[in-house]
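One structure is given below, encoded as C-alpha cells.
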Amino acid sequence: MFAYFKLPVGWFEILKRTAKETINDDCLSLSAQLAYYFLLALFPALLFMVALASFFPIENLVGQIVNSMGQFAPPDVVRIVRDQILQVARSNSGGLLTIGMLMTLWSTSAAIVAIINTLNMAYDIEEGRPWWHVRLTAIGLTIALSVFILTSFALLIVGPDFAQGIADRFHLGQAFVWTWSILRWPVIFILVATAIGLIYYFAPDAEQDWVWLTPGSLVATALWILFSIGFKIYLANFADYNATYGAIGGVIVMLLWLYASGLAILIGAEMNAEIEHASPYGKAPGEKVPGEKKKIGAAAARAYEEAQKQPSPHPTLPRRHGPPTPDPTPANMVTGGIIAAVFRLIRGRRVGE
Numbered sequence: 040m041f042a043y044f045k046l047p048v049g050w051f052e053i054l055k056r057t058a059k060e061t062i063n064d065d066c067l068s069l070s071a072q073l074a075y076y077f078l079l080a081l082f083p084a085l086l087f088m089v090a091l092a093s094f095f096p097i098e099n100l101v102g103q104i105v106n107s108m109g110q111f112a113p114p115d116v117v118r119i120v121r122d123q124i125l126q127v128a129r130s131n132s133g134g135l136l137t138i139g140m141l142m143t144l145w146s147t148s149a150a151i152v153a154i155i156n157t158l159n160m161a162y163d164i165e166e167g168r169p170w171w172h173v174r175l176t177a178i179g180l181t182i183a184l185s186v187f188i189l190t191s192f193a194l195l196i197v198g199p200d201f202a203q204g205i206a207d208r209f210h211l212g213q214a215f216v217w218t219w220s221i222l223r224w225p226v227i228f229i230l231v232a233t234a235i236g237l238i239y240y241f242a243p244d245a246e247q248d249w250v251w252l253t254p255g256s257l258v259a260t261a262l263w264i265l266f267s268i269g270f271k272i273y274l275a276n277f278a279d280y281n282a283t284y285g286a287i288g289g290v291i292v293m294l295l296w297l298y299a300s301g302l303a304i305l306i307g308a309e310m311n312a313e314i315e316h317a318s319p320y321g322k323a324p325g326e327k328v329p330g331e332k333k334k335i336g337a338a339a340a341r342a343y344e345e346a347q348k349q350p351s352p353h354p355t356l357p358r359r360h361g362p363p364t365p366d367p368t369p370a371n372m373v374t375g376g377i378i379a380a381v382f383r384l385i386r387g388r389r390v391g392e
C-alpha cells in the first residue's frame, strides 16, 4: 500500500503537475459530463438501492443513509434525494430480479461508464475493451459499490447501539461510547476512500495491483468532503438558489454538488497518474498493442524492475571512429562505375596527347 507514497519527486512538484494536467485534460468539462450522467442515474440508482436494502435487517436503511448525508451535503441535495426515495417507496418495484429492475441497473451503470471513459483520459489510456465488456464492468461496479455503500452505512448506523451494548456488557463506561462517536468520522473517511479506490482499480483499461489506499483516493476523498462542507456553508450564509432560480434551484444545487464530486474523483485520478508518470517505469516508451493492457502503478514498477534485471538480447558493438562507410547498394555501385569510367576516359586522352 505504501509503495504509492514513495514519490520520485517532491509533493509540491506532484501537486503542481496534477494541477497542470487537470487543466490540460480539461477535467472541468469532464466533470460537467459526469454531473449530467450522475443526475440521470440518480433515480435508477435510488430505486436499485432501495430494492437492495430490503435484504438488510435494518429498518429504513436508505432513509437513515440520507439523513447521515445531511451532516455534510447541502440541504437541497438531501431534500431531493429524500423526495425521490419517497416516490420509490410508493411505487411497486416488484423485487430485485425483474426486467424493470434490470433496466434500472443498466441505466444506473451509465454513470460508471462515464467514469470509465474519463479515467482512461486521465491515465492517457486508449480503451481497448469491447463495448459489452465496458458495460459489464460498469454494471459489476454499480452492484459492488451499492453493496459496499449499504454495508458501510449499516455498520455506521448500528455502530452507536453496538458500542453502547459492548460498554454495558464489559462495564467500559461512556468513554468507550464517546470514543466510537469520534472514531466513526475517520472510519467514514476510510470507507469513502476505499470506494473511490475500487473505482480507480476496476474502471481504467489497465493492468495494476490492488492498492487499498492511494494518494489519489485520499486526496479525492478529502476534496469531496471539503467541497461538500464548503458548499453547504456557502449556501447557508451567502446564497439562496431557490430565491434566484425558483423551483429549479434545488436541481441546480444538486448539479453543482455532483459536479464537485466528479471533479474530486478526476483530480485524485490525475494525481495517481502523475505519480506513475514521474516514476522511471512510467517514462519507459512502449505502445499498447491490441489485447495487451497498459501496466500502471505497482504492476508497472514490478515489470520495469524485471526488465532491468534481464540481460539485453542484442549487445551493442563498439563504435568505430571516423566517417561512416556507405552501404553497397545498387545505386551506389552504378554511381561508382560511372565515376570510374569518366576518370579512365580523361586519363586515355592525356596519354594520347
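Note that the sequence shown ends on residue 392 in our numbering; no numbers are left out.
Beta carbons: idealized from backbone N, C-alpha and C, even for Gly.
Fair warning: this is a prediction, and the values are worked out from it, not measured in the lab.
Contact check for I196 against Q103 passes: the beta carbons are separated by less than 9 Å. Taking 9 Å as the cut-off, the Cβ atoms of M293 and I124 do not count as close. Annotated as distal: A193 and T147, with beta-carbon spacing of 9 Å or more. With a beta-carbon spacing of about 27 Å, P254 and I182 fall beyond the 8 Å limit used to define contacts. Short of 6 Å from the beta carbon of A84, and not among the five residues preceding or following it, lie these beta carbons of its own chain, in chain order: T147.
Residue state for N99 is assigned as coil, using DSSP reduced to three classes.
Counting only runs that start and end inside the segment 55 to 126, the alpha helix (DSSP H) elements of at least 4 residues fall at 66 to 92, 100 to 108.
Per DSSP, reduced to three states, the secondary structure at F209 is coil, with no helix or strand assignment. Assignment of F270 by DSSP, reduced to helix, strand and coil, places it in the helix class. Around the beta-carbon of S68, fewer than 16 other beta-carbon atoms lie within 10 Å, marking it exposed.
Taking all protein chains shown into account, G204 has fewer than 16 neighbouring C-beta atoms within 10 Å of its C-beta and is therefore exposed. DSSP, reduced to helix, strand and coil, places L302 within a helical segment of the structure shown. Short of 6 Å from the beta carbon of S267, and not among the five residues preceding or following it, lie these beta carbons of its own chain, in chain order: F111, A112. Under the three-state reduction of DSSP, V48 is assigned to coil, being neither helix nor strand.
The DSSP-derived three-state label of E165 is coil. Secondary structure of A278 (DSSP, three-state): coil.
Taken through DSSP and simplified to helix, strand or coil, Q349 comes out as coil. With contacts defined by Cβ atoms closer than 9 Å, D115 and Y280 form a contacting pair. For S318, the secondary structure class from DSSP, reduced to helix, strand or coil, is coil.
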